[in-house]
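The block underneath contains the structure these notes are about, expressed in structure tokens.
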Amino acid sequence: MSERKLKAVISDIHSNLEAIQAVLADIEQRGIKEIICLGDIIGYGANPRECIDLAKTFNVTILGNHDEAALWSDQTESFNPVAKDAVDWTRQMLEDPNESFSNTKRWDFLGELQRTYRDNSDLYVHGSPRRPVREYVFPEDIANKGKMDDIFGRVEHVCYIGHSHMPGVFTEDMTFRPPQEVFNQYEINSRKTIINVGSVGQPRDGDNRACYVVVDGNKVEFVRVAYDFDETMKKIYAVRELDNFLADRLAEGR
Ligand SMILES: [Fe+2]
Numbered sequence: 579m580s581e582r583k584l585k586a587v588i589s590d591i592h593s594n595l596e597a598i599q600a601v602l603a604d605i606e607q608r609g610i611k612e613i614i615c616l617g618d619i620i621g622y623g624a625n626p627r628e629c630i631d632l633a634k635t636f637n638v639t640i641l642g643n644h645d646e647a648a649l650w651s652d653q654t655e656s657f658n659p660v661a662k663d664a665v666d667w668t669r670q671m672l673e674d675p676n677e678s679f680s681n682t683k684r685w686d687f688l689g690e691l692q693r694t695y696r697d698n699s700d701l702y703v704h705g706s707p708r709r710p711v712r713e714y715v716f717p718e719d720i721a722n723k724g725k726m727d728d729i730f731g732r733v734e735h736v737c738y739i740g741h742s743h744m745p746g747v748f749t750e751d752m753t754f755r756p757p758q759e760v761f762n763q764y765e766i767n768s769r770k771t772i773i774n775v776g777s778v779g780q781p782r783d784g785d786n787r788a789c790y791v792v793v794d795g796n797k798v799e800f801v802r803v804a805y806d807f808d809e810t811m812k813k814i815y816a817v818r819e820l821d822n823f824l825a826d827r828l829a830e831g832r
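In structure tokens:
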């Protein structure tokens, strides 16, 4: 059982500055000092540089598939055209010669991101314990016993994930509970548990508010924070390379 420690676990910021600013204000207001980020700082949104600069202040940040794709362009094969165009544009922003000094530091930061982070019996990854950067663990995977058994086999006690942008709790008895089902609170017991912390910058569970979790000892709270997505949408519409759908979906949380 992990010691009592207050921390925020966030994921999938996706270059959404308004959402991460709102979440960081909420974290600060709660007096939380430790922030662990599960990756995908960039991709999709209009403020990659600003979001990387904020991520540098977190205690731990893990590599996500969009961060990886910005670093290595051959890692975009599995991306759909909209996601690929967004990554290519993000790379351009990080290659802007007018910001060469800051951009060098941003590339160094991205290049050094770890794929997993372990704290006692807790594991932190972007995707899954089996393939940390890219594999999805979707709610419907509870019907796939082979996959979930293999994944839980790599979890010592608790594993925090992001990537699908669908928050909730997976338990070894092939159950997935979205936050509404547990009234946003979940108490970790001795059984193996996988917590998807949801997405700060592009929620896809039908709630347009930014999502993250607060962990206080064994208590996990799913937190939603409203932010000015109109402003985020305007910025995305203004960039030709960013598909309008990337803005539209923010208003609906899909
Ligand atoms: Fe993501």
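Going by the numbering used here, the final residue of the sequence shown carries number 832, and the count climbs one at a time with no gaps.
All residues carry an ideal CB built from backbone N, CA and C; glycine is no exception.
Query, Result
"Ligand 1 heavy atom lying under 7 Å from the CB of Asp663", "no"
"Presumed contact (8 Å Cβ cut-off) between Gly795 and Ile591, rounded CB distance", "Not confirmed; about 26 Å, so no contact."
"Status (buried if at least 16 other CB within 10 Å, exposed otherwise) for Gly746", "buried"
"Trp667, buried or exposed, once every other Cβ within 10 Å from all chains shown has been counted against 16", "buried"
"Asp590: CB within 7 Å of a non-hydrogen atom of ligand 1", "yes"
"Assumed close pair Asn643, Asp663 - CB separation to whole angstroms, cut-off 8 Å", "No, Asn643 and Asp663 are not in contact; Cβ-Cβ is about 16 Å, not under 8 Å."
"Whole-angstrom distance between Glu673 and Tyr679, CA atom to CA atom", "Residue identity check: residue 679 is Phe in the sequence provided, not Tyr. Distance between the alpha carbons of Phe679 and Glu673: 10 Å."
"Coil, strand or helix - Leu824 by DSSP", "helix"
"Beta carbon of Ile640 nearer than 8 Å to that of Leu691", "yes"
"Contact test: Gly642 Cβ vs ligand 1 heavy atom, cutoff 7 Å", "yes"
"Residue burial classification, Phe754 (beta-carbon count within 10 angstroms, cutoff 16)", "buried"
"Alpha-carbon to alpha-carbon, Ile588 and Val801", "10 Å"
"Length of the line joining the Cα atoms of Ile729 and Asn676", "45 Å"
"Sequence-distant residues of the same chain with beta carbon closer than 7 Å to Arg818, five excluded per side", "none"
"Three-state secondary structure (DSSP) of Val654", "The sequence given here places Thr at residue 654; Val does not occur at that position. In this structure, Thr654 counts as helix in the three-state DSSP scheme."
"Beta-carbon proximity check, His741 vs Gly705, cutoff 8 Å", "yes"
"Within 8 Å, strictly: CB atoms of Glu596 and Thr810", "yes"
"Whether Thr682 touches Val736 by CB criterion (8 Å)", "no"
"Val733 vs Tyr764 beta-carbon contact at 8 Å", "no"
"Bridge-paired residues (DSSP) for Leu602", "DSSP output for Leu602 lists no bridge partner at all."
"Lys770 at chain D interface by Cβ criterion, 8 Å", "Of the chains in the structure shown, none is chain D; there is only one protein chain."
"Residues near Leu820 in its chain [Cβ-Cβ closer than 7 Å; skip 5 each side]", "Ala624, Ala664, Trp667 and Ile814"
"Straight-line Cα distance separating Ile620 from Val760", "30 Å"
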